[in-house]
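Residue numbers (this note's numbering), protein chains in the order written: chain C, 1 to 115; chain V, 116 to 233.
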């Protein structure tokens, strides 16, 4: 069973703090990793993609990937109340037939940023 | 860029009727589209993967005859919920993955369709 694991939370941080969201995955051959944000009642929106080991920064967001440990994380600096949402980790994994890559989502981590 | 639309955004129907949901990639060609269902406070559940010009691949436990998927072009996929029942009430979300270019494996989500079956 190919899986993506996330702590469901909620993760509560004060405004201005750094929020750290973590994700582990089971398929060692995975090459593409994504973080999505989903507000309640809305569909997911892409925050970042990462493909290589190391850090990737985009504004207040930094994605970190460690393929050896099968671990991907998302850091949100200077957290704002508007960042309160569920954050989904997604990993493209080879389909059972081997013919394509299927996105596999974690259950999401609920983040609450309190003023 | 990478905009995906869904229509309708919400629909209310009577039990036993069929409902069609459209998913369109507006500014890119999508060889693959995905259909998800999400119940309140639960995670996304992948229902099926739709490739242009071929039959959809359904996830285990998803009834093919109840959830009909058609991906007739590189910009349009449809999901038809046949003979809908109250337990089919959910938030249905499509996503599309681009063909060609460096971001070919990134999927972009539509805004979702909220289905309520009375």
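Don't be surprised by glycine CBs; every beta carbon is placed ideally from N, CA and C.
According to DSSP, residues forming a beta bridge with residue i
{"i": "residue 53 of chain C", "result": "Answer is none; residue 53 of chain C lacks a bridge partner."}
{"i": "residue 171 of chain V", "result": "Paired residue(s): none; residue 171 of chain V is not in a bridge."}
{"i": "residue 58 of chain C", "result": "C:61"}
{"i": "residue 208 of chain V", "result": "V:151"}
{"i": "residue 135 of chain V", "result": "V:195"}
{"i": "residue 19 of chain C", "result": "C:76"}
{"i": "residue 30 of chain C", "result": "BP columns for residue 30 of chain C are empty, so no partner."}
{"i": "residue 14 of chain C", "result": "C:114"}
{"i": "residue 120 of chain V", "result": "V:139"}
{"i": "residue 66 of chain C", "result": "C:71"}
Neighbour flag for residue i against chain C, beta carbons, 8 Å
{"i": "residue 189 of chain V", "result": "no"}
{"i": "residue 221 of chain V", "result": "yes"}
{"i": "residue 168 of chain V", "result": "no"}
{"i": "residue 225 of chain V", "result": "yes"}
{"i": "residue 197 of chain V", "result": "no"}
{"i": "residue 164 of chain V", "result": "yes"}
{"i": "residue 159 of chain V", "result": "yes"}
{"i": "residue 136 of chain V", "result": "no"}
{"i": "residue 127 of chain V", "result": "no"}
{"i": "residue 143 of chain V", "result": "no"}
{"i": "residue 208 of chain V", "result": "yes"}
{"i": "residue 182 of chain V", "result": "no"}
{"i": "residue 75 of chain V", "result": "Residue coverage of chain V in this structure runs from 116 to 233, which leaves residue 75 of chain V outside it and unanswerable."}
Residue i: first and last residue of the uninterrupted beta strand (DSSP E) it sits in
{"i": "residue 75 of chain C", "result": "71-76"}
{"i": "residue 143 of chain V", "result": "From DSSP, residue 143 of chain V is part of no beta strand (DSSP E); its letter is neither H nor E."}
{"i": "residue 107 of chain C", "result": "Element bounds for residue 107 of chain C: n/a, residue is neither H nor E."}
{"i": "residue 189 of chain V", "result": "Looking at the DSSP string, residue 189 of chain V is not in any beta strand (DSSP E), and its letter there is neither H nor E."}
{"i": "residue 222 of chain V", "result": "222-224"}
{"i": "residue 94 of chain C", "result": "85-94"}
{"i": "residue 166 of chain V", "result": "160-166"}
{"i": "residue 232 of chain V", "result": "228-232"}
{"i": "residue 126 of chain V", "result": "125-128"}
Within-8 Å CB hit, residue i to chain V
{"i": "residue 46 of chain C", "result": "yes"}
{"i": "residue 103 of chain C", "result": "yes"}
{"i": "residue 66 of chain C", "result": "no"}
{"i": "residue 43 of chain C", "result": "yes"}
{"i": "residue 107 of chain C", "result": "yes"}
{"i": "residue 49 of chain C", "result": "yes"}
{"i": "residue 7 of chain C", "result": "no"}
{"i": "residue 92 of chain C", "result": "yes"}
Whole-number beta carbon distance between residue j and residue i, since they are thought to touch under 8 Å
{"i": "residue 105 of chain C", "j": "residue 158 of chain V", "result": "7 Å"}
{"i": "residue 255 of chain V", "j": "residue 199 of chain V", "result": "Since the first residue of chain V shown is 116 and the last is 233, residue 255 of chain V is not available in this structure."}
{"i": "residue 16 of chain C", "j": "residue 109 of chain C", "result": "That belief does not hold up - the Cβ atoms of residue 16 of chain C and residue 109 of chain C are roughly 19 Å apart, past 8 Å."}
{"i": "residue 190 of chain V", "j": "residue 124 of chain V", "result": "At roughly 19 Å, the Cβ-Cβ gap does not stay under 8 Å, so residue 190 of chain V and residue 124 of chain V are not in contact."}
{"i": "residue 11 of chain C", "j": "residue 73 of chain C", "result": "In fact, because the Cβ distance is near 12 Å, the residues do not count as touching under 8 Å."}
{"i": "residue 120 of chain V", "j": "residue 147 of chain V", "result": "Not quite, the Cβ-Cβ distance comes to about 17 Å (not below 8 Å), so this is no contact."}
{"i": "residue 19 of chain C", "j": "residue 83 of chain C", "result": "7 Å"}
{"i": "residue 52 of chain C", "j": "residue 65 of chain C", "result": "7 Å"}
{"i": "residue 152 of chain V", "j": "residue 205 of chain V", "result": "5 Å"}
{"i": "residue 127 of chain V", "j": "residue 207 of chain V", "result": "Contact doesn't hold; Cβ gap of about 14 Å is too wide."}
Exercise for the section: Quick one: which residues of the segment 23-35 of chain C get their C-beta closer than 9 Å to a C-beta of chain V? List them in chain order. Expected result: 31, 32, 34
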